[in-house]
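One structure is given here, and the rest of the page talks about it.
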Amino acid sequence: MKQLEGILPLIKPAGMTSHDCVIKIRRLFQTKKVGHTGTLDPDVVGVLPICIGRATKVAQYMSDYTKTYIGEATIGYSTTTEDKSGEIVERMEVNNPWSKDEVLALLSSFKGEITQVPPMYSAVKVNGKKLYEYARKNQTVERPKRQVTIFELDLMGDVTYNEGMKTFSFPFKVICSKGTYVRTLAVDLGKTLGFPAHMSALKRTASGPYTTEVCTTLEELEALESIDARMDKLRPLDEAVQHLPKLIVDHTVEQLIKYGSVLPEEKGLDELRFTVYNEQGECLAIYQKHPTKPGLIKPEKMIWTTS
């Protein structure tokens, strides 16, 4: 059997947690060495890169990926979870719907660096407990503000007004930095208009280099009759860290790298963190500038292994 390692770009279905997907992948590939690269809410469908085998070593570097989502904001009522699954908290009828141009101007005003307060139903930790643990006990706690970046925020179709519900909705596409809560973005868009709001639909269409086009589904994996056939769905380990600068070393330095040696810094190397490859194109390690010894570099993560 081929070596069991690589990145599985998965389409997470609605109704499953990211951990549910990990459990299922462990069974399908018959290995415990499986990890996901960042939680996707149960209600959200979309791209969830899964690391298998030796690829679990690079999972931490994948959390920094820029993410792309297609969503829908509904103005008129807010919910406990900031999405459609929660209980209604506040309702305010929309009697004078906004024009498409007004929505475009609203979206444009959110581009760039913004401040968010994470939702109570989230995995952000405060005093050692996750916020959703407080929320489930109806406890309130001060939530830490965070700075995130909205690279793109575009209207993706027509604005719609629900005469019966007195609500107003619009679809959008957002490309954002790690740590962005799109649920909270929808709520904040509503606040800017002076109304309660929530995220009524959401799909993640890209996480770093992984898009829906290269993803597979759990159903497709289950339909394959062997682990080898499922392994054909895996992407190369080093594809996950292509966003890091790359250093190629000769055979002599390669041997030192394999021993985890601290080495002199390459001339002209300004990056704090980078991948190291041998001349055969194999990713050996991720190195960083030495934090206390100027002019030296040290291993942060060894990728190369004898197994």
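Residue numbers for the sequence shown, in the UniProt record's numbering: 1 to 307. Even glycine gets a Cβ: it sits at the ideal position worked out from N, Cα and C. The structure presented is a predicted model; accordingly, all values stated were derived computationally and were not measured.
The segment 177-194 makes no contact with the segment 17-36; the number of CB pairs closer than 8 Å stays below 3. In this structure, the CA atom of residue 76 is about 29 Å from the CA atom of residue 206. Residue 193 and residue 160 have their C-alpha atoms some 16 Å from each other. By the C-beta criterion, the segment 216-230 is judged not to be in contact with the segment 91-103, since fewer than 3 inter-stretch pairs fall below 8 Å. For residue 21, the enclosing alpha helix (DSSP H) has its first and last residue at 18-29.
By the Cβ criterion, the segment 287-306 is in contact with the segment 244-263, since at least three pairs of Cβ atoms, one from each stretch, lie closer than 8 Å. It is roughly 6 Å from the alpha-carbon of residue 245 to the alpha-carbon of residue 275. Within the same chain, Cβ atoms closer than 6 Å to the Cβ of residue 171 are found at 72, 156 and 157, the five residues on either side in sequence being excluded. According to DSSP, residue pairing for residue 74 in a beta bridge involves 169 and 198. Where residue 230 is concerned, the enclosing alpha helix (DSSP H) starts and stops at 227-231. For residue 283, DSSP records a beta bridge to 277. From the listed residues 5, 272 and 90, the smallest Cα separation to residue 30 is found for 5. Of the candidates 3, 25 and 15, 25 places its Cα closest to the Cα of residue 9. Annotation: residue 249 to residue 266 spans about 10 Å, alpha carbon to alpha carbon. Residue environment analysis places residue 191 among the exposed positions, since fewer than 16 neighbouring C-beta atoms fall within 10 angstroms of its C-beta.
For residue 147, the enclosing beta strand (DSSP E) starts and ends at 146-155. In this structure, the CA atom of residue 85 is about 14 Å from the CA atom of residue 184.
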